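Novice: I'd like to ask some things about the structure below.
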Amino acid sequence: RVRDETQLERTERHLRLSEDRFQRAYQSATVGMGMFALDGTVISANKKAAEILGCDVEELIGSKVSDFMAPECREDHLERIATLPGSPKDNYQIERRVVRKDGSYAWVRNSVTLLKPEGGEPYYFSISEEITHQKEANERLAFLANYDPITNLPNRFHFEELLATALQPVAGFLDCVALIYLEIDSFDFLKGTFGRAIADEFLGQLGANLTSFRREGEIIARLDDHVFALMVKAAPYDEGSLTRGAELRDV
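Okay, here's the thing in structure tokens:
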């Protein structure tokens, strides 16, 4: 009996040490971790998970995970946690936007696993890695690849892609498209006299004006330093294109 009690005490001590190690690792992890019930109610969360969402751990407990999802992500989240228990898979990974306490958004790479402890209620274990800076950097690179950062208009590369698409019969245009080119007179004089900063400020304002001028279905792009192009739907010998060109010159 003494031997059995000693073994039991040793086992309990090992379990307490194991639980203590897990809690230390859980709370000090550099990624967000949490557990939530099958209905989405948060059971537990570590400090990093709360930090990502800009709140305290206590504020997360008892709330719904969907409360922190960006609007476009909520339906997918609810569908996944509702269908996962009946599917052959027990986990999924996804990148999502979440809403911080202050209303701002963050991006996370989320891994969710369904756990079914013996003799206990099943629950979800979630790991979230914040990737906001990575996402913003990738989006910026994608923007710079296709758009001019000064005017926020499509650049020459993207414009040529859009033109090639427009010339395909499936594009839904009429018989053809019209291309109208606009070149700013004396731009080099402006840049040489007042400097690049003023020239860029001028181009930025021009880009805003051209964006407001653009009608639905039209594409305006910056092709060169002071050369712009407008692509409009047209028909052969279309007087409307000439009219639109005159309006572009005026604006």
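Residues in the sequence shown are numbered from 2 upward in steps of one, following the working numbering.
Glycine included, every Cβ here is placed at the ideal spot set by N, Cα and C.
Source: prediction; values computed, not measured.
Between the segment 223-237 and the segment 143-162, can you find at least three pairs of beta-carbon atoms closer than 8 angstroms?
Specialist: Judged by Cβ distances under 8 angstroms, the segment 143-162 makes contact with the segment 223-237, as three or more pairs qualify.
Novice: Is it buried or exposed, THR31, if we count other Cβ atoms within 10 angstroms and call 16 or more buried?
Specialist: Stepping through the sequence shown from its first residue, residue 31 is reached at position 30. Its Cβ having fewer than 16 others within 10 Å, THR31 is exposed.
Novice: Mind listing, in chain order, the continuous beta strand (DSSP E) runs of no fewer than 3 residues lying wholly within the segment 13-73?
Specialist: As far as the segment 13-73 is concerned, its whole beta strand (DSSP E) runs of at least 3 residues are 33-37, 43-46.
Novice: Can you give, in chain order, each stretch of the alpha helix (DSSP H) that sits fully within the segment 173-207 and has at least 4 residues?
Specialist: Qualifying alpha helix (DSSP H) stretches, in chain order: 188-195.
Novice: Output the distance between the C-alpha atoms of ARG98 and ILE132, rounded to the nearest integer angstrom.
Specialist: Within the sequence shown, residue 98 is the residue found at index 97, counting from 1. Within the sequence shown, residue 132 is the residue found at index 131, counting from 1. If you take the alpha carbons of ARG98 and ILE132, they lie about 10 angstroms apart.
Novice: What are the start and end residues of the beta strand (DSSP E) that includes GLU161?
Specialist: Counting from 1 along the sequence shown, the entry for residue 161 is found at position 160. Where GLU161 is concerned, there is no enclosing beta strand (DSSP E), although the alpha helix (DSSP H) it sits in stretches over 157-167.
Novice: Can you give me the C-alpha to C-alpha distance between PHE174 and ALA143, rounded to a whole angstrom?
Specialist: Taking the sequence shown and counting its residues from 1, the one referred to as residue 174 is at position 173. Taking the sequence shown and counting its residues from 1, the one referred to as residue 143 is at position 142. Because PHE174 sits at a pLDDT of 48, beneath the cut-off of 50, its placement in the model cannot be relied upon, and the following sentence gives the value as read from the coordinates. Their backbone Cα atoms lie some 27 angstroms apart in a straight line.
Novice: Taking just the CA atoms, how far does CYS74 sit from HIS227?
Specialist: The count along the sequence shown starts at 1 and reaches residue 227 at position 226. The count along the sequence shown starts at 1 and reaches residue 74 at position 73. Between HIS227 and CYS74, the C-alpha separation is close to 41 angstroms.
Novice: Between which two residues does the alpha helix (DSSP H) harbouring LEU142 extend?
Specialist: The count along the sequence shown starts at 1 and reaches residue 142 at position 141. That run of the alpha helix (DSSP H) goes 133-147.
Novice: Using only the alpha-carbon positions, how far apart do VAL43 and GLY120 sit?
Specialist: The residue given as residue 43 occupies position 42 in the sequence shown. The residue given as residue 120 occupies position 119 in the sequence shown. If I take the Cα positions, the gap works out to 20 angstroms.
Novice: Given this structure, state the Cα-to-Cα distance separating GLU140 from GLU10, to the nearest angstrom.
Specialist: Locating residue 140 in the sequence shown gives position 139, where the first residue counts as 1. Locating residue 10 in the sequence shown gives position 9, where the first residue counts as 1. Straight-line Cα distance between these residues: approximately 57 angstroms.
Novice: Alpha carbon to alpha carbon, how far is TYR148 from ALA165?
Specialist: By 1-based counting over the sequence shown, the position of residue 148 is 147. By 1-based counting over the sequence shown, the position of residue 165 is 164. Roughly 17 angstroms separates the two Cα atoms.
Novice: Which same chain residues end up closer than 8 angstroms to ASP103 when comparing Cβ atoms and leaving out the 5 residues on each side of it in sequence?
Specialist: As a working note, residue 103 is residue 102 in the sequence shown. Cβ neighbours of ASP103 beyond the five flanking positions: GLY55.
Novice: Which residues in the same chain as ARG4 place their Cβ atom closer than 6 angstroms to its Cβ, once the five residues preceding and following it in sequence are excluded?
Specialist: Position 3 of the sequence shown, counted from the first residue, corresponds to residue 4. Around ARG4: no qualifying Cβ.
Novice: Do you know whose CA, among GLU130, VAL178, ASN153, GLN24, lies nearest GLU96's CA?
Specialist: The residue labelled residue 96 in the question sits at position 95 within the sequence shown. If we check each option's Cα against that of GLU96, GLU130 comes out closest.
Novice: When you compare only the Cα positions, how much space is there between HIS134 and LYS48?
Specialist: Position 133 of the sequence shown, counted from the start, is the residue given in the question as residue 134. Position 47 of the sequence shown, counted from the start, is the residue given in the question as residue 48. Those two C-alpha atoms are separated by around 20 angstroms.
Novice: Going by other Cβ atoms of all chains shown within 10 Å of its Cβ, with 16 needed for buried, is VAL252 buried or exposed?
Specialist: Taking the sequence shown and counting its residues from 1, one reaches residue 252 at position 251. Flag for VAL252 reads exposed.
Novice: In three-state DSSP terms, what is SER213?
Specialist: What you label residue 213 is simply residue 212 of the sequence shown in a count that begins at 1. Three-state DSSP puts SER213 in a helix.
Novice: So what does DSSP say about ALA236, is it helix, strand or coil?
Specialist: Start at 1 with the first residue of the sequence shown, and residue 236 comes out as number 235. Residue state, collapsed to three classes: coil.
Novice: DSSP state of ARG250, grouped into three classes?
Specialist: Counted from its first residue, the sequence shown places residue 250 at position 249. Helix at ARG250.
Novice: Just grab the DSSP bridge partners of SER112 for me.
Specialist: Residue mapping note: residue 112 aligns to position 111 of the sequence shown, counting from 1. Answer by DSSP bridge pairing, in chain order: GLN94, ILE128.
Novice: How should ASN111 be labelled, buried or exposed, when 16 other C-beta atoms within 10 angstroms of its C-beta is the threshold for buried?
Specialist: Here residue 111 refers to the residue found at position 110 when the sequence shown is read from its first residue. The residue in question, ASN111, is buried, as its Cβ has 16 or more Cβ neighbours within 10 Å.
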